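Each remark here refers to the structure printed beneath this line.
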Amino acid sequence: MDDILAVTTESIPGYRIVEVKGIARGGVVRATHLGRDIMALLRNIRGGEINEYTRMMAEAREEALKRMFLHAKELGANAVVNIRFATSNVRSNVAEVYAYGTAVVAVPEQ
Numbered sequence: 027m028d029d030i031l032a033v034t035t036e037s038i039p040g041y042r043i044v045e046v047k048g049i050a051r052g053g054v055v056r057a058t059h060l061g062r063d064i065m066a067l068l069r070n071i072r073g074g075e076i077n078e079y080t081r082m083m084a085e086a087r088e089e090a091l092k093r094m095f096l097h098a099k100e101l102g103a104n105a106v107v108n109i110r111f112a113t114s115n116v117r118s119n120v121a122e123v124y125a126y127g128t129a130v131v132a133v134p135e136q
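So the sequence shown is numbered by this note's numbering: it starts at 27 and just counts up by one.
Have a look at this one:
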């Protein structure tokens, strides 16, 4: 989301935080599918990176970020600081990716 400032730090250079709106969060649960699993199995035998899963998790992180930004806007924030990711296994071949941070109102410093 282009209209939300987003950083992994506690502050935003050139901005002053004037209000904390709460925790912004967004999550997505993704499952693998047979085609990816077969390719992953073949790559696992050979060794090396499993590109299919790398892409799947990258897409999941992007979707979690989008949902977090939407939640921040719903809270009335224009920025999110201290952004973090968490992942967990829901069950075999199913993972959750969760993005969270502090939704704030930030104004340019004078």
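All C-beta atoms in this analysis are idealised placements derived from N, C-alpha and C, irrespective of residue type, glycine included.
Here the structure is a predicted model, which means the values were calculated and not measured.
Take V123, set aside five residues on each side of it, and the residues of its chain with a beta-carbon closer than 6 Å to its own are V54, A86, R87, A90, T113, in chain order.
DSSP lists G52, F111 as the bridge partner or partners of A125. With contact defined as three or more Cβ pairs closer than 8 Å, the stretch 95 to 107 and the stretch 124 to 134 are in contact.
Residue state for E45 is assigned as strand, using DSSP reduced to three classes.
For L96, the enclosing alpha helix (DSSP H) stretches over residues 77 to 100. A residue is called buried once 16 or more other Cβ atoms fall within 10 Å of its Cβ, and G52 is buried on that count.
Contact between G48 and L101 holds: CB atoms are separated by about 6 Å, below the 8 Å threshold.
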